[in-house]
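The structure appears right after this line, and notes come after that.
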Amino acid sequence: MSKLSLLDLGFFIAETEASPKHVGGLLIFKRPAKSSAAFAKNLYEEYLTATEVKPPFNRTIDFSFNPMPSWEDAARVDLSQHVFFHKLPKGQNDRKALYDFVARLHTPMLDRSRPLWAVHVIDGLDDGRFALYQKMHHAYADGVTMARWTAEGLSESADSDVLTPVWTLKHGGHGGKRAKANQELLQSTLKEVAGNGRRVLGIGRLAAMLFLESVNLTKNAIALPFVSSAKTPLTGQVTPGRQLATARVSMARVNAIRASTRSTLNHIALTCLDGALRRYLQDQGVELRRPITIQMPVNLRKEGERTAGNKIGIIQVELSPPTDDPYVRLRNIGYSLRNVRTMVDSVAPEAIESYTIITGLVAQIAETLKMSNKMPPMGNTLVSNVPGPKDFLYLKGARMEEMHPISTLPPSNLLNITLFSYAGDLFFGLIATDELPHLEKLGEYVAEAFTELEVSVRDARA
């Protein structure tokens with residue numbers, strides 16, 4: 013038995029049928045040369061034989077008879093309830109059909125009576141391709157950890173025929189052995205005392221920064237929550253039903269802009285998203301006169317830390333004031349992000365975590381009371397960046413060509429965007445409610461905004 017952290021518990025408290033709190037990934041593979049057309053079906057059947065399920069994939073959540081919910085080991089995990097096979101019919105197996113099908117799989121909550129994960133093998137794609145859609149509850153782990161677990165379940169070599177399902181691997185988990193219980197309790201207590209001290213000091217420092225920002229004595233140290241433009245199609249009461257769209261940009265093109273402008277990947281990606289979002293909103297008749305505010309998760313783990321669960325904070329970041337020049341937009345966003353990075357580095361991680369819990373609680377109360385359409389949101393959308401493997405990975409010789417992240421929706425946000433870098437490409441995963449119109453156009457605008465940025469940078473350097 014292991015207790016949840018407050019942040020992990022928050023994902024359960026916030027979860028509803030309209031807003032489930034699992035995250036997922038769509039992995040698209042090319043079958044090995046000369047492989048059978050039944051490759052994906054055989055893979056599914058082999059998955060069902062991998063019955064040695066390791067933590068946290070054997071854990072269920074227990075809300076009974078405890079002041080604090082805890083993780084419990086399941087006596088048995090029935091893989092037929094977690095691993096599924098589908099085959100898309102001919103004529104309904106193109107990219108749009110795949111995205112629509114995965115969006116439907118992503119919509120329902122996971123069953124809390126069982127371990128909170130699922131893997132779907134999807135066959136029937138064009139040109140010898142198949143896909144895996146996997147999802148797990150956000151209380152299991154954050155996005156960075158999930159990406160690492162996914163990579164650990166794949167091979168770096170096309171010649172490897174070994175199958176290592178992600179649920180059979182030993183991951184950093186919740187709790188330890190009985191022999192170490194007293195030692196761990198003492199260490200935990202000491203850490204908690206020290207952490208609470210840093211938390212109080214950090215919250216004081218963060219509050220001072222927010223105050224200075226609110227009276228315009230600083231600029232972009234951190235954007236204020238609940239002050240972004242409320243009347244846009246991107247925000248409101250989260251409703252059931254999901255849709256998925258993606259965009260893809262070559263990392264070679266990203267790196268060329270990085271080298272010529274001394275920018276980071278985040279600067280460039282957010283510049284493209286800023287331009288694409290503004291164009292998308294203009295299509296909907298919305299012209300913002302102030303910067304778009306995003307919610308941005310920040311990793312609070314120390315370098316080398318590989319624990320499970322969630323260790324992230326979410327802060328608000330202003331993008332660029334309105335401009336028609338993508339290069340100016342890049343410079344504005346770079347300035348804003350550098351200030352935010354300085355702020356995050358100067359505050360204890362415990363304070364950022366507390367800030368995340370407090371602001372998230374306010375937004376969650378508004379959503380629970382169905383007031384999200386009336387109350388200003390924390391930000392216009394949430395954007396996260398998850399680094400992935402630099403080289404191609406393989407599954408029994410099948411090369412993984414694409415990996416698209418599919419996240420959850422925070423309170424009052426009808427759109428969530430996740431960046432994922434993999435094997436020379438930067439993928440943009442866009443998940444939204446069914447109410448958001450023409451999501452696929454936003455994906456197209458991201459790619460077009462990148463081309464516009466390339467031209468603007470070239471002209472500025474000429």
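In terms of my numbering, the sequence shown opens at residue 13 and continues consecutively. Ideal Cβ placement from N, Cα and C applies to all residues, glycine included. Here the structure is a predicted model, which means the values were calculated and not measured.
Do residue j and residue i count as a contact pair if the criterion is CB distance below 8 Å?
i	j	result
Pro-245	Ala-62	no
Phe-24	Ala-151	yes
Leu-181	Ile-134	no
Glu-413	Val-250	no
Leu-442	Leu-431	no
Ile-326	Val-395	no
His-34	His-183	no
Ser-332	Asp-286	yes
Ala-26	Gln-328	no
Gly-409	Ala-170	yes
Ile-369	Leu-38	no
Val-89	Pro-32	no
Ile-364	Val-356	yes
Gly-253	Thr-371	no
His-84	Arg-71	Looking at the sequence itself, residue 84 is Glu, so the reference to His does not match. Cβ distance < 8 Å, so Glu-84 and Arg-71 count as in contact.
Excluding five sequence neighbours on each side, which residues of the same chain lie with their C-beta closer than 7 Å to the C-beta of residue i?
i	result
Ala-259	Phe-440, Gly-455, Val-458 and Ala-459
Val-266	Leu-277, Ile-280 and Leu-438
Ala-271	none
Lys-382	Gln-249
Leu-55	Val-133 and Lys-408
Leu-229	Here Leu-229 scores only 44 on pLDDT, less than 50, and its place in the model is too uncertain to base an answer on.
Since residue i and residue j are thought to touch, with beta carbons under 8 Å apart, how far apart are those beta carbons, to the nearest angstrom?
i	j	result
Glu-447	Leu-427	Between Leu-427 and Glu-447 the Cβ distance is about 10 Å, and since that is not below 8 Å, they are no contact.
Ser-167	Val-156	Not a contact, Cβ separation roughly 21 Å.
Phe-142	Arg-43	7 Å
Gly-436	Ala-159	With a Cβ gap of about 16 Å, Gly-436 and Ala-159 do not count as contacting.
Ala-5	Gln-255	Past the boundaries of the shown model lies residue 5; the chain is included only from 13 to 474, so the question cannot be answered.
Ser-433	Met-263	6 Å
Assign residue i to one of three DSSP states: helix, strand, or coil.
i	result
Thr-180	helix
Ser-76	coil
Arg-211	Caution applies to Arg-211, whose pLDDT of 45 falls short of 50 and renders its modelled position unreliable; the model cannot decide the point.
Met-383	coil
Ile-304	coil
Glu-27	coil
Gly-188	No answer about Gly-188 holds up, because its pLDDT of 40 lies below 50 and its placement is not dependable.
Met-355	helix
Ala-410	strand
Tyr-152	coil
Thr-463	helix
Leu-229	Confidence is the limiting factor: at Leu-229 the pLDDT is only 44, short of 50, which leaves the residue's position unreliable and the question unanswerable from this model.
Thr-283	helix
Lys-453	helix
Gln-294	helix
Ala-50	coil
Ala-288	helix
Ser-272	helix
Arg-141	strand
Thr-368	helix
Pro-361	helix
Gln-249	coil
Return the first residue and the last residue of the alpha helix (DSSP H) that residue i is part of.
i	result
Ala-109	107-118
Met-158	155-164
Phe-97	Phe-97 -> not in any alpha helix (DSSP H); beta strand (DSSP E) instead, spanning 95-99.
Starting from residue i and walking both ways along the beta strand (DSSP E), at which residues does that stretch end?
i	result
Arg-254	254-262
Ser-82	82-85
Lys-102	Neither: Lys-102 is in no beta strand (DSSP E) and is coded neither H nor E.
Thr-430	427-434
Asn-392	Unbroken run through Asn-392: none, as it is neither H nor E.
Ala-130	129-135
Phe-69	Taken as a continuous stretch (DSSP letters only), Phe-69 belongs to no beta strand (DSSP E), as it is neither H nor E.
Leu-476	Not covered by the structure: residue 476. The range shown for the chain is 13 to 474.
Gly-441	437-445
Tell me which same chain residues have a C-beta within less than 6 Å of the C-beta of residue i, skipping the five on either side of it?
i	result
Pro-334	none
Met-80	Lys-15
Lys-53	none
Val-131	Val-95 and Gln-146
Could you tell me if the beta carbon of residue i falls within a distance shorter than 7 Å of some heavy atom in the ligand MG?
i	result
Ala-49	Among the components modelled here there is no ligand, and therefore nothing to report on the ligand MG.
Quick one: residues in its chain with C-beta nearer than 8 Å to the C-beta of residue i, no 5 flanking neighbours on either side, listed in chain order?
i	result
Ser-92	Leu-60
Ser-48	Asn-54
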